[in-house]
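According to the numbering used here, the sequence shown is numbered sequentially starting from 6.
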Amino acid sequence: MKSFVFRTPELNFGNGSVKGIGIKAKQLGASRVLIVTDKGVVSAGILPKIEQPLKDAGIEFEVYSEVQPEPNLDSLHEIVKIAKEGDFSFFIGVGGGSAMDVTKLASLMMTNEGEVSDFLGVEKVPNPAAPVILVATTSGTGSEVTKFALFGDDAIKRKTAVSSPNIMARAAFVDPELTISMPGHVTAATGIDAFIHAVEAYIAVNRNPATDPIALEAIRLIAANLIPAVKNGSKLEARYNMALGSVLAGIVLNNAGAGAVHALAYPVAMEYHVSHGISNVVNFVHTMEYIAPALLERYANMAEAMGEKVGGLSQYDSAMAFLKAIRRLCLGASLPVGLKSIGVDPKLVPALAETAFTDTRLLGNTPYVLTAKDIQAIYSNALND
Ligand SMILES: [Fe+2]
6 MKSFVFRTPE
16 LNFGNGSVKG
26 IGIKAKQLGA
36 SRVLIVTDKG
46 VVSAGILPKI
56 EQPLKDAGIE
66 FEVYSEVQPE
76 PNLDSLHEIV
86 KIAKEGDFSF
96 FIGVGGGSAM
106 DVTKLASLMM
116 TNEGEVSDFL
126 GVEKVPNPAA
136 PVILVATTSG
146 TGSEVTKFAL
156 FGDDAIKRKT
166 AVSSPNIMAR
176 AAFVDPELTI
186 SMPGHVTAAT
196 GIDAFIHAVE
206 AYIAVNRNPA
216 TDPIALEAIR
226 LIAANLIPAV
236 KNGSKLEARY
246 NMALGSVLAG
256 IVLNNAGAGA
266 VHALAYPVAM
276 EYHVSHGISN
286 VVNFVHTMEY
296 IAPALLERYA
306 NMAEAMGEKV
316 GGLSQYDSAM
326 AFLKAIRRLC
336 LGASLPVGLK
346 SIGVDPKLVP
356 ALAETAFTDT
366 RLLGNTPYVL
376 TAKDIQAIYS
386 NALND
């Protein structure tokens, strides 16, 4: 019988929900706001949908739209400087994981003395960050509801993370209409990241009785809607279900955590400069195959959530149906399932495995003890696919 804490920011979900952002910001005490976003959000025409409700609520704002994809330490220094010089006490982050994570990091630097690197690791942020509202424009990262903020440290070629409830948003807005213009390949890569969050949370060491049913619902929603959203992105119903699946996956990621797939993904993302979703999916199927023996019952449950016909099948056969179904889902969304697609050099596999092996936060949350040799074996399997 497990004891647990369940944390999640206030969630404002639904088509057109972002119209309420001005009123919400006012309720939370905002008078002058820094909007943090990226060029993709600006060119997709999303920004006026945030700015107008803020104007209507009488809130002043400035816009920083220079967030880089997969941000590194240098780009963080720039936004922190702007936030401090402007003395901003309230932030609104608009975008995918990169823009939202940068917003969280900037807000924490307003209320905590030191360098960003001082707050790396688990629960190392002493003071609550300045208030933040996050608006998700992709259905993937879940950052709008999590306590995590990630960035790359080029010096050590590693993704590093701040993990603290003190950087969680005061409110999250998930408006499926904002995701309509997302191109198919971005829909696929971000959507599979969300799916992997739900799967990794469902099998996580730190899962709990509240995360299990939410994870299965996220798996059900994404399995049924990812391919329709990729193939026919203008269909609002698929976008709605993906947005819902993705935020539910974010909620379980926040409370149960990710695992080995993410641990193997980060070194690949740093070395080959591929997006977070792609670095995950190229390791996903092979990691799940490798750790399957410890997880047959959980895999069987997920097969059922994915709509596989498992009635009458043994637990083993149901688990195998899950492995086949995740491969089919990735391929159906035109996603690669192995490292061949991104041209990973086989000679680099031992070094990638050594780096992945140092991620004790994620590997410790994986219900299968993986040695550096095991990780090498998974990468090697993925190389041939
Ligand atoms: Fe992720």
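Cβ atoms here follow ideal geometry from the backbone N, Cα and C, with glycine treated the same way.
8 Å Cβ shell around residue i - same chain, five flanking residues per side excluded
i: ALA243; result: ASN230, PRO233, ALA234 and ASN237
i: GLN381; result: VAL354, PRO355 and ALA358
i: THR116; result: ASN132, PRO133, ALA134 and ALA135
i: PRO76; result: SER103, ASP106, VAL107, PHE156 and GLY157
i: PRO58; result: VAL23, LYS24, GLY25, ILE26, GLY27 and ILE28
i: GLY348; result: TYR277
Beta-ladder partner(s) of residue i, from DSSP
i: ASN17; result: PHE178
i: ILE97; result: ILE40 and ILE138
i: ASP158; result: ARG163
i: GLY126; result: VAL167
i: TYR69; result: VAL41
i: PHE153; result: SER168
Neighbourhood of residue i by C-beta, 7 Å cutoff - its chain only, sequence neighbours within 5 removed
i: ARG212; result: ALA206 and ALA261
i: ALA111; result: VAL41, ILE84, VAL85, ALA88 and PHE96
i: GLY282; result: GLY145, ALA194, THR195, ILE197 and ASP198
i: LYS29; result: ASN17, ILE138 and ALA176
i: LYS31; result: ALA62 and ILE64
Residue i: CB within 6 Å of a non-hydrogen atom of ligand 2
i: ASP364; result: You won't find ligand 2 in this model; what it holds is ligand 1.
Distance between beta carbons of residue j and residue i, contact taken as under 8 Å
i: LYS129; j: SER186; result: Actually they do not touch by this definition, with Cβ atoms about 37 Å apart.
i: VAL210; j: ASN370; result: 5 Å
i: GLY102; j: LEU39; result: In fact, because the Cβ distance is near 19 Å, the residues do not count as touching under 8 Å.
i: ASP61; j: GLY27; result: 5 Å
i: LEU388; j: LEU344; result: 5 Å
i: THR165; j: LEU125; result: 5 Å
i: LEU78; j: PHE156; result: 6 Å
i: PHE289; j: ILE331; result: 7 Å
i: ILE383; j: TYR277; result: Not really, about 16 Å apart at Cβ, beyond 8 Å.
i: LYS7; j: PRO218; result: Not confirmed; about 14 Å, so no contact.
i: VAL252; j: GLU149; result: 7 Å
i: ALA310; j: LEU241; result: Not a contact, Cβ separation roughly 23 Å.
i: GLY255; j: GLY147; result: 2 Å
i: HIS291; j: ASP390; result: 7 Å
i: ALA265; j: LEU375; result: 6 Å
Reduced DSSP secondary structure (H/G/I, E/B, other) of residue i
i: GLU276; result: helix
i: ILE40; result: strand
i: SER168; result: strand
i: ASN77; result: strand
i: VAL374; result: coil
i: ARG332; result: helix
i: ASN259; result: helix
i: ILE243; result: What sits at residue 243 in the sequence shown is Ala, not Ile. Here ALA243 sits in helix by DSSP.
i: VAL349; result: coil
i: ALA209; result: coil
i: ASN5; result: This structure cannot settle anything about residue 5, because the visible part of the chain is limited to 6 through 390.
i: GLY369; result: coil
i: MET307; result: helix
i: GLY25; result: helix
i: LEU52; result: helix
i: ALA35; result: coil
i: LEU357; result: helix
i: GLU118; result: coil
i: GLU313; result: coil
i: ILE87; result: helix
i: VAL204; result: helix
i: SER112; result: helix
i: SER251; result: helix
i: SER284; result: helix
i: THR363; result: coil
i: PHE327; result: helix
i: THR216; result: helix
Other residues of its chain near residue i: CB distance less than 6 Å, five sequence neighbours each side excluded
i: LEU409; result: The chain is shown only over 6 to 390; residue 409 falls outside these bounds and no answer can be derived.
i: HIS267; result: LEU367
i: PHE327; result: TYR304, MET307 and ALA308
i: ASP180; result: SER22 and VAL23
i: LYS109; result: ALA154 and ILE172
i: VAL72; result: ASP43, SER103, ALA104 and VAL107
i: PHE200; result: ILE227
i: PRO272; result: LEU357, THR360 and ALA361
i: VAL286; result: ILE197, CYS335 and LEU340
i: PRO74; result: SER103
i: ASN386; result: HIS291
i: VAL68; result: ILE40
i: SER94; result: ALA135
Contact with chain D by residue i, beta-carbon distance below 7 Å
i: ALA310; result: Chain labels in this structure do not include chain D; a single protein chain is all it has.
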